[in-house]
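Just below is one structure, and these are the notes that go with it.
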Amino acid sequence: MSILLSSTVVYGAKGFILKEINFEGLQRVSVNTALLRIPVSIGDTVYNSDIRKIILSLFSTANFNDIQVFRENNSLTIKVNERKIIANISLIGNKVFKEKQLKQILEGLGLRVGEPINYSILSSIEKGLEDFYYNIGKYNATVKSVVKNKAYNGVDVQLIFREGKKAKIQQINILGNKDYSSKKLRSNFKLHDKSSWWNIINIHSFYKQKLLDDLIGMQDFYLNNGYIRFAINSTQMNLTTDKKYLYISINIHEGQKYKVLNVILNGDLNDYRKEIKKLINISFGELYNKDKIIDIEENIKKTLGNYGYAYPKINIESKINDKYKTVILYMNIDIGQRYYVRKIRFEGNNVSKDELLRREMRQLEGAWLCNNLVDKGKKRLGRTGYFEKVDVDMQSVPGTLDQVDIIYKIKEHNTGNLNFGIGYGSESGLNFLIGAMQYNWLGTGNAIGISSTKNNSQLYTDLSFNNPYITVDGIGFSSKLFINNYKPDTLNVLDYTNQSYGINETFGFPINENNTLRTGLGYVRNNIANMHPQIAIWRYLNSIGYHYGNDYDANKKYDLLTREFIFNYGWIYNNLDRGFFPTSGKYINFSSKFTIPGSDTLFYKNILDIQQYIPLNSDGTWVLLGHGHVGYGNGFYGQEMPFYENFYSNASTNIIRGFSPNAIGPKAIYIQKNKLPNCHKVNKTYFCQSNNAVGGNAIAAASIELIIPTPFMGDGDSNGIRTSIFMDAGTIWDTKWENNIDSYTAKIPDYSDPTNIRVSIGVALQWISPVGPLVFSFAYPLRKLEGDRLEQFQFYIGKNW
């Protein structure tokens, strides 16, 4: 303002008719642009006050450093000194900030290319950046700007960073504590004055925010243990002269423990007083506990919210008796207005149809608001697996006193995929999986897909369809048509061929929010050929009355045609918090099938799969996952379960990572008349061992997985990435195998032994990348048996649309 006054020529109070306006010093700003910004024009009567307005108007554009106005008769000459324009901004030495992130911050503060330079803003930016570095413990950091003139009134701005190193905490002293040792209190701190052996990244570095968090945490610790008079009197931080080390002193007042004598409810609670009283789980004489009181307050709000009271107000007053060290709590509750739900709306569903979303709702429009039902809708949407994120917002309806709108804000993720999987082992070579699946076809929630597997033993293709809501009550229907050409061309699997096809149709009946019963029918036709004499096959053939005599000719092959009519049923329990990277909840899937009259074979097969997610922290970045998988099958009326229905450790089950497909479980034992490699003679017959997997009628596997924050990834970058450390264990065995003197003589392993367990540990990474889902795992076997083939590194690649 002082520049403005010193630059203005002051005239008498009498005005004059303006006939001409001239500008001097304009370079980048055009005359027409300048004329538009001043409050006078040719023909106006101009006074002293108008001269001041001209100067103020031009200064407000931020284009000028200096403005002078001169009058000659009826003409005004406006002399200006334009501010220089920023032609380029360069950053040197910044490591904490990413360049793109920092330039976005600078633009938000008004420092951007193409704009006039403002030295005041530049100075504020320098100070603000240095303050940031101080807050993260970099007390030696400096940020300096260098402005270089360029042609055409331009300048280059350089920000030079000297970040330095973070100050290390030399010592944390807590003063005033009596009942708890300093070591006990510091054990809950995020900041440490000595590095723990497991902490190799943050070596007692100082962060201001972490210190504030630690102080709040210490206060909560005392308040949760009865110390209602606890206080932090002061916190001092002293730097060494070289600013490399920091001494922190925290002065506290512990006080004494206080007990709660009574909790008194105040307010008009209508018919809810008894229900609310049940939520107050504080006993007479119990130690004061801040978190418990907060939990009670939140539970009261949730309960009232279930009856339509969206915005209850709860004010808790504490009457403290310092003489007797007691507290009486007064909960003053104003339940407020009861609300109806006017409308339920959805935002972010670019693909998913409104009908798909509404069928997951439990809260009804026009009904009393119920927070529990609103939350169920959120969970059900997340459980579909179609959405990456689901949030709920509640808005009061303008002009009403008792209505709200519920808005579900969703973020869809790609639900269609073209998957390509590949694994490599030193002996097994490459294994391929390709498939196309759309889980949310045209936004209807229906799933259609085709998949095909090609490996060393088969070419399998299926077409599938699933409609989770063929009725408004939530009855679902799924159908699958498959064709399989099983023809092994290596020594890794049982040597026979099977050309099969079939269809399976299943209905799902929801019992409640978490439980679904499934039942259906299927048909399978197997055309098995080229069966070589092998114990498991002969045992099955004998059980169904297929007599082969004593002909053990190795070159002779046998054929079998079976038709199976199958009844299947099952049960699914699902209370996972979401279908996409769950962090809490349980998933149980029990499935069973058995053949019905009219089938050529009589057998049953049961499978139970359980997953349990346990969050270890509040934000779900640390999660413990337990997974169990068991299965068993057998025949009816003296028959055995067909060998082609056996359980295998193939790519689809992947029960133990780190082992190649079909490496685990019973192997084929061939019966020969003539001696071949790996054969042992028993009486007049040779029993020949192989690496060909024949599978078993029983399987058991378990894994424990610790899901951890992905290293070197920020919170925003890790939404589509999941990293875990795992341990897998499992086995496959044959309960019908008879381990006798002949098998012992032939040195055949006991395939009926369920203790032949393999164990592996490793790391896994799942990433929903722009090109599709990627899954990597690397495993190391802790327990393996002789002859096991390893495939330590495995990965799967997919492409989404």
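Offset between the sequence shown (1-based) and the working numbering: plus 998.
C-beta atoms are modelled at their ideal positions from N, C-alpha and C, and glycine is treated no differently.
Computed from a predicted structure; not experimentally measured.
For residue i, is the classification buried or exposed, using 16 other Cβ atoms within 10 angstroms of its Cβ as the cut-off for buried?
i, result
"residue 1074", "buried"
"residue 1012", "exposed"
"residue 1136", "buried"
"residue 1060", "exposed"
"residue 1028", "exposed"
"residue 1358", "buried"
"residue 1789", "buried"
"residue 1470", "exposed"
"residue 1169", "exposed"
"residue 1231", "exposed"
"residue 1393", "exposed"
"residue 1293", "exposed"
"residue 1574", "buried"
"residue 1506", "buried"
"residue 1629", "buried"
"residue 1741", "buried"
"residue 1703", "buried"
How is residue i classed by DSSP in three states: helix, strand or coil?
i, result
"residue 1350", "coil"
"residue 1766", "strand"
"residue 1297", "helix"
"residue 1268", "coil"
"residue 1029", "helix"
"residue 1292", "helix"
"residue 1124", "helix"
"residue 1335", "coil"
"residue 1775", "strand"
"residue 1179", "coil"
"residue 1340", "strand"
"residue 1610", "strand"
"residue 1369", "helix"
"residue 1564", "strand"
"residue 1016", "coil"
"residue 1743", "helix"
"residue 1399", "coil"
"residue 1803", "With the chain covering 999 to 1799 only, the question about residue 1803 has no answer from this structure."
"residue 1447", "strand"
"residue 1540", "helix"
"residue 1248", "strand"
"residue 1555", "coil"
"residue 1168", "strand"
"residue 1055", "helix"
"residue 1273", "helix"
"residue 1787", "coil"
"residue 1069", "strand"
"residue 1146", "strand"
Relative to the C-alpha of residue i, which residue among the options is closest?
i, options, result
"residue 1090", "1144, 1114, 1138", "1144"
"residue 1766", "1126, 1057, 1721", "1721"
"residue 1153", "1119, 1115, 1174", "1115"
"residue 1398", "1382, 1532, 1339", "1339"
"residue 1778", "1758, 1785, 1095", "1758"
"residue 1467", "1479, 1496, 1485, 1504", "1504"
"residue 1156", "1163, 1097, 1173", "1097"
"residue 1307", "1407, 1267, 1161, 1342", "1267"
"residue 1161", "1129, 1619, 1015", "1129"
"residue 1458", "1480, 1021, 1138", "1480"
"residue 1324", "1509, 1734, 1254", "1254"
"residue 1411", "1350, 1403, 1599, 1158", "1350"
"residue 1303", "1371, 1263, 1248", "1371"
"residue 1408", "1361, 1016, 1252, 1352", "1352"
"residue 1750", "1744, 1741, 1756, 1737", "1737"
"residue 1642", "1092, 1562, 1062", "1562"
"residue 1448", "1478, 1612, 1472, 1473", "1478"
"residue 1725", "1699, 1741, 1735, 1732", "1699"
Could you round the C-beta distance between residue i and residue j to whole angstroms and report it? I think they count as a contact, below 8 angstroms.
i, j, result
"residue 1542", "residue 1521", "19 angstroms between Cβ atoms; not a contact."
"residue 1692", "residue 1666", "5 angstroms"
"residue 1568", "residue 1382", "Not a contact, Cβ separation roughly 20 angstroms."
"residue 1055", "residue 1081", "16 angstroms between Cβ atoms; not a contact."
"residue 1494", "residue 1526", "6 angstroms"
"residue 1311", "residue 1283", "Contact doesn't hold; Cβ gap of about 29 angstroms is too wide."
"residue 1668", "residue 1532", "5 angstroms"
In the segment 1677-1739, which residue ranges form an unbroken beta strand (DSSP E) of at least 3 residues, counting only runs that do not cross its ends? 1677-1680, 1683-1691, 1696-1706, 1719-1731
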